[in-house]
Structure formats: C-alpha cells, structure tokens
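Take the sequence shown: its position 9, counting from 1, is numbered 15 in this note's numbering, and each next residue is one higher. Just so you know, even glycine gets a beta-carbon here, dropped at the ideal spot from N, CA and C. Bear in mind the structure is a predicted one, so any value in this text is a computation, not a measurement. Comments concern the structure below.
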Amino acid sequence: MEYTFSYLLVLFLIGAIGSILSGMVGIGGSVIKYPMLLYIPPLLGFVAFTAQEVAAISAVQVFFSTLAALVVFKKGGYVSFRLVGYMGTAIVIGSFIGGYGSKFLADETINFVYAILASIAAILMFFPKPKGSEEVLAEQLAFNRLYAVVLSFIVGVASGIVGAAGAFIIVPIMLVILKVPTRIAIGSSVAITFISSIGATIGKVMGGHMLLVPSIVMVIASLLAAPIGAKLSQKINTKVLEYILLVLIVATVIKIWYEMLT
C-alpha cells in the first residue's frame, strides 16, 4: 500500500483529534478513532483499511496515547493505584486473550463485538451517578474489589478483540457500578487502559495485522495531542466531561449499528 502525504496527513489529524478528545474523558481513543479510521479514508477517496487492520492500528495507538495522558493525570493526583492494580491485572489477561483470538474472527464479528460494547457503555451512562463527594482523594478511594476484577476481565476479553483497550466501557463501569468520582475515574481509567493496551497490542502483533506506517503516524499524533486533552480534562466541569463521553459513545453506537444493518 502506498501512502501519499495527503493520506498521512489525514491519518495524523484523525490521531490528533481523537487523542485530544480521548485525553479529556479518560479513554484510549479507539471509541473515537476506530470509526474514523474505518470510514474517513475511503470517504475521501483513499484506500480503506480492513476492520482487522483498524483494530491493530488502534491497539498500538492506544498504548502510546494513554502513556502520554497518564503522566499528566498522575501529576494531578487523579490516579487510584489500588483500583488500577485490581482492574489492570484482570483486564490485561483478558485483553491478551481477546487480542490474539481475534485472528480467528471475521471482520463482521469484530464490528459486532465493538457495537455491543459501545451499546452497553451508552446504556450505563444514562444511569444516575452516585452523589458522592468529588473531593475524595485517590488514595482513600473505596470500591468493590470483586466487581472490579470480574468486570475488568470480561471487558478485557471483548475489548481485546477490537483493539480498543476497553476504557470506553471501563469509565461508565467505574462511575455507575463502582461509584468512583469522575476525575479519579478518568485518571485511573487512563492507567488501566495503558495496562490493557499492552496485552491487546502484543496480541494484534502476533495476529499479523499490524501496519507499520499508519501506526507510526497515529502514535506521533497521540504523543503530541493526548497530554493536551488530559490538561483540559482537569479544568473542565465534571458534568461536562460526562456529557462529552456520553455523546461520543452514543454517536459511535448509532454509526456502527447503522453501517452493520445497512
């Protein structure tokens, strides 16, 4: 596949825009970049990526974008390392299984799994959030450890299949089920997503679907843009952040289901 300057520029812009938004709401970016990579290049007349290729590019991009955003959130004190320890360990095992196992699945199956995950995340976001204090310190956070481990493993397996790292559903789970304050949920989800992306990335590389040039372009865009989004996240009202996440997830659900059904 030949990559012209205009093609690489489109990929860079997709990576940058997606990384800023994902850094703001604590997700790795696949919930945004997956459909953008899948639909925008052919819409502009460029060669389209397959779902397998998009999933592989997303996996390696998420690894670097979450690493860049994590540095910012850690400095702000919005990462609960106990929560990350429990959920991160479970999700990395699940994501490796899903990432490697995806090589045996058809493109239609990968898109279907992605649509189901996004739909669940959207439904959770409509549930009322606990009225707990947003002033709780990350190191003092209390949560149900069993729920955290079991749900993380399940999300890891499913998200590993689409190379999404699972943050777009992990954040709603932390907000609604584990009752984690918004800013700590966003910061901790970045750390968990980073851990998850390790298993998903290794699985995708072993699966043989990694495209070097697009991946490098997306990584550069992520390293530059993700910290910007993370810094904005710490200044924006928590309700606004939740609405942004909801809009992103719902828009993705509508788009993916529409394409699958038509």
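Margin query: According to DSSP, simplified to helix, strand and coil, what is glutamate 8?
Written below: DSSP places glutamate 8 in coil when its eight states are reduced to three.
Less than 7 Å separating the beta-carbons of valine 186 and leucine 130? Annotated as distal: valine 186 and leucine 130, with beta-carbon spacing of 7 Å or more.
Pick out whichever of Leu217, Val256, Pro233 and Lys261 has its Cα sitting closest to the Cα of glutamate 8. When Leu217, Val256, Pro233 and Lys261 are compared, the shortest CA-CA separation from glutamate 8 is found for Leu217.
Alpha carbon to alpha carbon, how far is asparagine 117 from serine 28? Give it in angstroms, no decimals.
Rounded to whole angstroms, serine 28 to asparagine 117 spans 20 Å at the Cα level.
Buried or exposed: methionine 42, going by 16 or more other Cβ atoms within 10 Å of its Cβ?
Under this definition methionine 42 is a buried residue.
Just to confirm the assignment, what range does the alpha helix (DSSP H) spanning serine 86 have?
No alpha helix (DSSP H) holds serine 86; DSSP gives it neither H nor E.
- prompt: Which residues bound the alpha helix (DSSP H) around phenylalanine 118?
  reply: It spans 113–131 - the alpha helix (DSSP H) in which phenylalanine 118 sits, taken as one unbroken run.
C-beta contact flag for valine 90 and alanine 236 at 7 Å: No; because the gap between Cβ atoms is not below 7 Å, this pair is not in contact.
C-beta contact flag for serine 101 and glycine 162 at 7 Å: Result yes, Cβ atoms of serine 101 and glycine 162 sit closer than 7 Å.
Just verifying my parser: in three-state terms, what is the DSSP assignment at alanine 148? It is coil, neither helix nor strand.
> phenylalanine 52 by DSSP, collapsed to three states: which one?
Replying inline: Of the three classes helix, strand and coil, the one that applies to phenylalanine 52 here is coil, per DSSP.
Q: Take threonine 56 and list the residues in its own chain whose beta-carbon comes closer than 7 Å to its own, dropping the five residues that flank it on each side.
A: These residues qualify, in order along the chain: Asp113.
Practice task
Label tyrosine 264 either buried or exposed according to how many other C-beta atoms from any shown protein chain fall within 10 Å of its C-beta, with 16 as the threshold for buried.
Solution key: By the 10 Å Cβ count, tyrosine 264 comes out exposed.
Beta-carbon gap between proline 233 and leucine 17 smaller than 7 Å | The criterion of a C-beta distance shorter than 7 Å is not satisfied by proline 233 and leucine 17.
Open item on the list: According to DSSP, simplified to helix, strand and coil, what is proline 187?
Closed with: Judged by DSSP in its simplified three-state form, proline 187 adopts coil rather than helix or strand.
Spatially closest choice to glycine 94 from Gly213, Ser12, Leu44 and Ala173, by CA coordinates:
Here the closest residue by C-alpha is Ala173.
Could you name the residues of the same chain whose beta carbon sits closer than 8 Å to that of phenylalanine 11, not counting the 5 residues immediately before and after it, in chain order? Cβ neighbours of phenylalanine 11 beyond the five flanking positions: none.
May I have the straight-line CA-CA distance separating isoleucine 63 from glycine 32, to the nearest angstrom?
Glycine 32 has its alpha-carbon roughly 19 Å from the corresponding atom of isoleucine 63.
### Message
Is the separation between the beta-carbon of leucine 123 and that of alanine 164 shorter than 7 Å?
### Response
Leucine 123 is a Cβ neighbour of alanine 164, given a cutoff of 7 Å.
Would you tell me roughly how many angstroms separate the C-alpha atoms of leucine 251 and valine 259, rounded to the nearest one? A straight line joining the alpha-carbon of leucine 251 with that of valine 259 spans about 12 Å.
Among the candidates Leu229, Lys109 and Glu248, whose CA atom is the shortest distance from the CA of glycine 213? Residue Lys109 is the option with its Cα nearest to glycine 213.
Item to check | Straight-line Cα distance separating leucine 49 from isoleucine 201 | outcome: Counting only the Cα atoms, leucine 49 lies some 33 Å from isoleucine 201.
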